[in-house]
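Rendered as structure tokens:
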């Protein structure tokens, strides 16, 4: 049995289960012992029994499956947490009729001044009706309570109360990058179209009421508990608005010892044209990897390096062309980050965008070798094999999400079957030696449900049932799970601390409601954790353990 150098009685032992360690040999054990925050032993029940003491907490797994805690490598945790209590979520709702019923319920309960908001995380393909709501249906929710329903990064539906609250009138010009659809008289009718930029949708969301600081604390705590219910024990926040005020809730939860998801914070500049100045200040004031502890810390810069260097995943619109000025603006930012040894990542949906970024990175690398500096491409849905090789040559990684499960039909309609078959080549990334981390891009661009993402990576099937991937391009369940464990750990530089259930690793794990490795495909997205542990501390109990 493998023990820690100084062994003492275990604080926690889980036994009589199927513990998938995800170590190099794929060991499956029946018992696991925890001392402090780390795993002390993994083996059969007799081996861990040697660590049993009078104060040891023992959990009988009853044959249940245990996996390493899931680590979302691209989640907008901060912004989602700060608004969670305001949102109606349509994640997994099976019909549009049910979705509209949820809106009516919230509208009936709304306090004066409160809005009813759905901020992404759904697609028309998930509904039995296989269609979007109509403006008339949104209007029928309430005549008085503002209703705002955001559809991915493509559009937003507003009732007339929300149109009035946002100040949209006949004289309001179309915002940059967007269209206010109008009726025959020229008045905004409630449909906002992102054409081509989703900025118009963000402006609408920012125009709605927000929570006060004390309310954000409760909201963030509830969102973290939801992540724990899904077996999530770690996440990289892919960049938040209103920095640094937006971090207040997380910092308070950490100070109160109530932070239940290990959170690595990525930061980015907020003002166009001032990115170099802002990032110079931020990277001087903060210390990457050392400001904080193993529950909350600064991880790097991203996902926006410059605000003119961001494309989008709205395949209902043509591919955007990044401006000629983007490379000129990006180069000094990358030089700054390499000089100061700050890890970084950049958002890019299209191969064309990635190649533009790589041209700048390769130029900087010739003068300032990266020498192992961690950097990553975020998303990369249409990346080509030759571009993957360029990422590998510079030592970069790629984070992948299930955004295409929401947008596959839109992509197919615009680009055709041949392009759709090549989309998001995860197996190609792995075989070419690029580190790959799994994520969700929740909660706006997709739901923050990692099991739905794992369903996508193992089936290549959209929410609407479109099979996009060839069988040979689909990941087996073990490999897909590795993306959300050890794969994601690479992007925080923690492959020796997280991702496997072996002695010496952090005791982050989830006991599942059903066996991930054998449930039917249609049940994957419904998996959850019945017992979630972070650093040896139980942070979620449900199902058979809910009454412990």
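In our numbering, the protein residues as written are 5 to 552. The beta carbon of each residue, even a glycine, is placed where N, CA and C say it ideally should be.
Task: Assigned exposure category for residue 366 - 16 Cβ within 10 Å defines buried - done: Numbered from its first residue, the chain shown carries residue 366 at position 362. So residue 366 counts as exposed.
Task: With 16 other Cβ atoms within 10 Å as the buried cut-off, status of residue 504 - done: Within the chain shown, the letter at position 500 stands for residue 504. Burial call: buried.
Open item on the list: Quick check on residue 5: does DSSP put it in helix, strand or coil?
Closed with: Your numbering for residue 5 matches position 1 in the chain shown. Residue confidence is low: residue 5 scores 46 on pLDDT, short of 50, so the model does not pin down where it sits. Its coordinate-derived value is still stated next. Coil at residue 5, not helix or strand.
Task: residue 321 and residue 200 closer than 8 Å at C-beta - done: The residue you call residue 321 lines up with position 317 of the chain shown. The residue you call residue 200 lines up with position 196 of the chain shown. Result yes, Cβ atoms of residue 321 and residue 200 sit closer than 8 Å.
Task: residue 31 to residue 45 span [Cα, whole Å] - done: The residue you call residue 31 lines up with position 27 of the chain shown. The residue you call residue 45 lines up with position 41 of the chain shown. Those two C-alpha atoms are separated by around 13 Å.
TODO: Select from 472, 402 and 407 the residue whose C-alpha is nearest the C-alpha of residue 438.
DONE: Counting from 1 along the chain shown, the entry for residue 438 is found at position 434. The shortest Cα separation from residue 438 among 472, 402 and 407 belongs to 402.
Open item on the list: The beta strand (DSSP E) that contains residue 302, what's its start and end?
Closed with: Locating residue 302 in the chain shown gives position 298, counting from the first residue. Element bounds for residue 302: 300 to 305.
TODO: Return the residue from the list 546, 516 and 540 that minimises the CA-CA distance to residue 21.
DONE: Here residue 21 is taken as the residue at index 17 of the chain shown, counted from 1. Comparing Cα-Cα distances from residue 21 to each of 546, 516 and 540, the minimum goes to 516.
- [ ] Name the residue from 169, 123 and 143 whose alpha carbon lies nearest to the alpha carbon of residue 158.
- [x] In the chain shown, counting from the first residue as 1, residue 158 sits at position 154. Checking every option, the nearest Cα to that of residue 158 belongs to 123.
Task: Close Cβ partners of residue 440 (< 8 Å) along its chain, the five nearest in sequence each way excluded - done: Here residue 440 refers to the residue found at position 436 when the chain shown is read from its first residue. Hits under 8 Å: 401, 402, 403, 404, 430, 433, 434, 487 and 491.
- [ ] Alpha carbon to alpha carbon, how far is residue 500 from residue 196? Give it in angstroms, no decimals.
- [x] By one-based count along the chain shown, residue 196 stands at place 192. By one-based count along the chain shown, residue 500 stands at place 496. Their backbone Cα atoms lie some 47 Å apart in a straight line.
Task: Residue environment, residue 4, which counts as buried when at least 16 other CB atoms sit within 10 Å - done: Not covered by the structure: residue 4. The range shown for the chain is 5 to 552.
Task: Residue from 454, 180 and 146 whose Cα sits closest to the Cα of residue 167 - done: Locating residue 167 in the chain shown gives position 163, where the first residue counts as 1. Closest by alpha carbon: 146.
- [ ] For the region 266 to 332, list the beta strand (DSSP E) runs that are entirely contained and at least 3 residues long, ordered along the chain.
- [x] Counting whole runs of 3 or more residues, the region 266 to 332 contains the beta strand (DSSP E) stretches 266 to 271 and 300 to 305.
Open item on the list: Could you check whether the Cβ of residue 430 sits closer than 7 Å to any heavy atom belonging to the ligand MG?
Closed with: Looking for the ligand MG in the displayed structure turns up nothing, as the structure carries no ligands at all.
Task: Beta-carbon separation (whole angstroms), residue 342 vs residue 309, contact threshold 8 Å - done: Start at 1 with the first residue of the chain shown, and residue 342 comes out as number 338. Start at 1 with the first residue of the chain shown, and residue 309 comes out as number 305. Contact between residue 342 and residue 309 does not hold, since the beta-carbon distance rounds to 12 Å and is not under 8 Å.
Task: residue 354 versus residue 238: straight-line alpha-carbon distance, rounded - done: Working through the chain shown from its first residue, we reach residue 354 at position 350. Working through the chain shown from its first residue, we reach residue 238 at position 234. Residue 354 and residue 238: Cα-Cα distance of roughly 27 Å.
TODO: Tell me the start and end of each unbroken beta strand (DSSP E) in the region 169 to 208 that is at least 3 residues and wholly inside, in chain order.
DONE: 182 to 186 and 192 to 198
Open item on the list: Does residue 361 come out as helix, strand or coil in the three-state DSSP assignment?
Closed with: The residue given as residue 361 occupies position 357 in the chain shown. Residue state, collapsed to three classes: helix.
Task: Own chain residues within Cβ distance below 7 Å of residue 542, not counting five before or after - done: Stepping through the chain shown from its first residue, residue 542 is reached at position 538. Within its own chain, the residues whose Cβ lies closer than 7 Å to the Cβ of residue 542, once the five positions on either side in sequence are excluded, are 535, listed in chain order.
TODO: Check the C-beta distance from residue 37 over to residue 52 and give it rounded, since I have them as a contact under 8 Å.
DONE: On the chain shown, position 33 is the one that residue 37 refers to. On the chain shown, position 48 is the one that residue 52 refers to. With a Cβ gap of about 4 Å, residue 37 and residue 52 count as contacting.
Open item on the list: Using C-beta distances below 8 Å, list every residue in its chain close to residue 282, excluding the 5 sequence neighbours before and after it, in chain order.
Closed with: As a working note, residue 282 is residue 278 in the chain shown. The answer, listed in chain order, is 273, 274 and 275.
Task: Separation of residue 135 from residue 387, as counted between CA atoms - done: Numbered from 1 along the chain shown, position 383 holds the residue referred to as residue 387. Numbered from 1 along the chain shown, position 131 holds the residue referred to as residue 135. Answer to the nearest angstrom: the Cα atoms are 29 Å apart.
Task: Inter-residue Cα distance where the pair is residue 105 and residue 98 - done: Residue numbering aside, residue 105 sits at position 101 when the chain shown is read from its first letter. Residue numbering aside, residue 98 sits at position 94 when the chain shown is read from its first letter. In a straight line, the C-alpha of residue 105 is about 12 Å away from that of residue 98.
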